[in-house]
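Okay, so here's the structure we're looking at.
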Amino acid sequence: MTTQEQTVKIQLVRSPIGTKESHRATVRGLGLRKLNSVSELKDSPEVRGMINKISYLVKVL
């Protein structure tokens with residue numbers, strides 16, 4: 003029996019230039035580099051918290 007992992011896709015829609023250093027580190031921690039880059043991550047409370055922290059920079063697809 004295999005278990006299906008839930009994932010969440012996020013896209014960087016605003017530039018992190020001019021934001022707090024911790025917010026820029028969070029963007030990099032989520033695997034996002036350039037504008038419009040998309041990252042698919044495991045849906046966990048930790049990842050949801052990171053997305054919530056930089057919600058003004060990203061879009062959940």
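Residue numbering for the sequence shown follows the numbering used here, starting at 3 and increasing by one per position. For each residue, glycine too, the CB sits at the ideal point set by N, CA and C. Quantities reported herein were computed from a predicted structural model and do not represent experimental measurements.
Distances from the alpha-carbon of K36 to those of Q8, V15, E7, K11 put V15 closest. Pairing P18 with Q6, the inter-Cα distance amounts to about 33 Å. Within the same chain, and ignoring the five residues on either side of K55 in sequence, the residues whose Cβ sits closer than 6 Å to its Cβ are T28.
When DSSP states are grouped into helix, strand and coil, S24 belongs to the helix group.
By DSSP's assignment, V10 forms a beta bridge with L43.
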